[in-house]
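**Student:** Submitted below is the structure of interest, expressed as structure tokens.
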Amino acid sequence: MTDAAEIPGGPTDADGSAMPYTVFFPVDGAYRPADLEHSAPLPRVGDTIEYIDVRGRCSRYVVREVIHTLQLAADRRPVVGSQHDRPAAFAAGDDDAAELPGDGSLRAGVPKVILERSPSADPTEEREGFTVRVEAPTPED
Numbered sequence: 168m169t170d171a172a173e174i175p176g177g178p179t180d181a182d183g184s185a186m187p188y189t190v191f192f193p194v195d196g197a198y199r200p201a202d203l204e205h206s207a208p209l210p211r212v213g214d215t216i217e218y219i220d221v222r223g224r225c226s227r228y229v230v231r232e233v234i235h236t237l238q239l240a241a242d243r244r245p246v247v248g249s250q251h252d253r254p255a256a257f258a259a260g261d262d263d264a265a266e267l268p269g270d271g272s273l274r275a276g277v278p279k280v281i282l283e284r285s286p287s288a289d290p291t292e293e294r295e296g297f298t299v300r301v302e303a304p305t306p307e308d
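In this note's numbering, the protein residues as written are 168 to 308.
See the structure below:
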């Protein structure tokens, strides 16, 4: 077996490209979020994601969108709750002047990876000259 550190694209990338992110799975017309338990390389739009459930069944998804969130760094934002006439969740109100993006240091939030079901329902896929077939185990008689 190969060491996890030797696997390219694994959670221990030497170049620091691994990061935490939240995946949003399409379920019954809505999206169900799931946070990664460890850092991993951030997928790109068009990448295929394979989810393996507890029964060993594979479901394939395609990355539809990757959303990065930025906001002013904590030392540049007003303190939430410092204004007595504002809801506790907001540091500024609708009547305050809009802030200009890029005016000072920023912090990044955890990226959101939005998935859609793979258009291919066939568990067989051609990949770089070889075939991958996913079959459900059959019970022994």
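Positions of the beta carbon are idealized from the N, C-alpha and C atoms, including for glycine.
All values reported here derive from a predicted model rather than from experimental measurement.
What did DSSP end up calling Asp202 once you bin it into helix, strand or coil?
**Tutor:** Reduced to three states, the DSSP call for Asp202 is strand.
**Student:** With H, G and I counted as helix, E and B as strand and the rest as coil, what does DSSP make of Ala275?
**Tutor:** In the structure shown, Ala275 sits in a strand (DSSP, three-state: E or B).
**Student:** Would you kindly work out how many angstroms separate the C-alpha atoms of Tyr188 and Pro278, rounded to a whole number?
**Tutor:** For Tyr188 and Pro278, the distance between alpha carbons rounds to 5 Å.
**Student:** Report yes if the C-beta distance between Arg227 and Ser272 is below 8 Å; otherwise report no.
**Tutor:** Result no, Cβ atoms of Arg227 and Ser272 do not sit closer than 8 Å.
**Student:** My assumption, with CB atoms under 8 Å, is that Val194 sits in contact with Gly213. Please give the rounded CB distance.
**Tutor:** The pair is not a contact, with the Cβ atoms about 21 Å apart (cut-off 8 Å).
**Student:** Identify which residue in Tyr218, Arg222, Cys225, Glu266 has its Cα closest to the Cα of Leu239.
**Tutor:** Comparing Cα positions, the closest option is Glu266.
**Student:** Based on DSSP bridge pairs, tell me the residues matched to Glu283.
**Tutor:** Answer by DSSP bridge pairing, in chain order: Val229.
**Student:** Note the first and the last residue of the continuous beta strand (DSSP E) segment covering Thr189.
**Tutor:** Where Thr189 is concerned, the enclosing beta strand (DSSP E) stretches over 189-194.
**Student:** For Val190, which option in Pro210, Gly196, Ala275 has the closest C-alpha, if you only look at C-alpha atoms?
**Tutor:** The shortest C-alpha separation from Val190 is found at Pro210.
**Student:** What does the alpha-carbon distance come out to for the pair Cys225 and Leu237?
**Tutor:** C-alpha separation (whole angstroms): 34 Å.
**Student:** Checking the sheet assignment: what are the DSSP bridge partners for Thr236?
**Tutor:** Thr236 pairs with nothing; no bridge assigned.
**Student:** Would you report the Cα separation of Ala303 and Val221, rounded to the nearest angstrom?
**Tutor:** Unreliable placement is indicated for Ala303, whose pLDDT of 48 sits below 50; no coordinate value is reported for it.
**Student:** Using only the alpha-carbon positions, how far apart do Ala201 and Phe192 sit?
**Tutor:** Cα to Cα, the separation comes out at about 8 Å.
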